Amino acid sequence: MGVPDFLRPENVRYNPEDHEMVNLIRRYREEIGDDLITEPSSFTTQEWINMLNECIEKRITIWELLGEKYDPDAYY
């Protein structure tokens, strides 16, 4: 049995937005010291990129940017 086509290196699709998003999440965690929610979102990848850039630039959490208060007892 061989390697499935979608796992072959020549078939991997590179998406620059995904790469930028991963780097921004890392920077956000390092510079803001907060973590992001892991639930699905209605925001597009580009909207997330814009929001994370704004958070890093303004040194605020995603919660502050969205005008919400994080509730540690809530089930996100």
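Using this note's numbering, read the sequence shown as starting at 1 and increasing by one per residue. Quick reminder that beta carbons are idealized off the backbone N, C-alpha and C, glycines included. Values in this document were obtained by computation on a predicted structure and should not be read as measured data.
What's the call for residue i, buried or exposed, on a 16-neighbour Cβ count within 10 Å?
i          : result
residue 66 : exposed
residue 7  : exposed
Alpha carbon to alpha carbon, how far is residue i from residue j?
i          : j          : result
residue 74 : residue 32 : 22 angstroms
residue 27 : residue 56 : 8 angstroms
residue 49 : residue 37 : 15 angstroms
residue 45 : residue 24 : 11 angstroms
residue 64 : residue 34 : 11 angstroms
residue 59 : residue 51 : 12 angstroms
residue 29 : residue 19 : 16 angstroms
residue 43 : residue 12 : 25 angstroms
residue 62 : residue 17 : 19 angstroms
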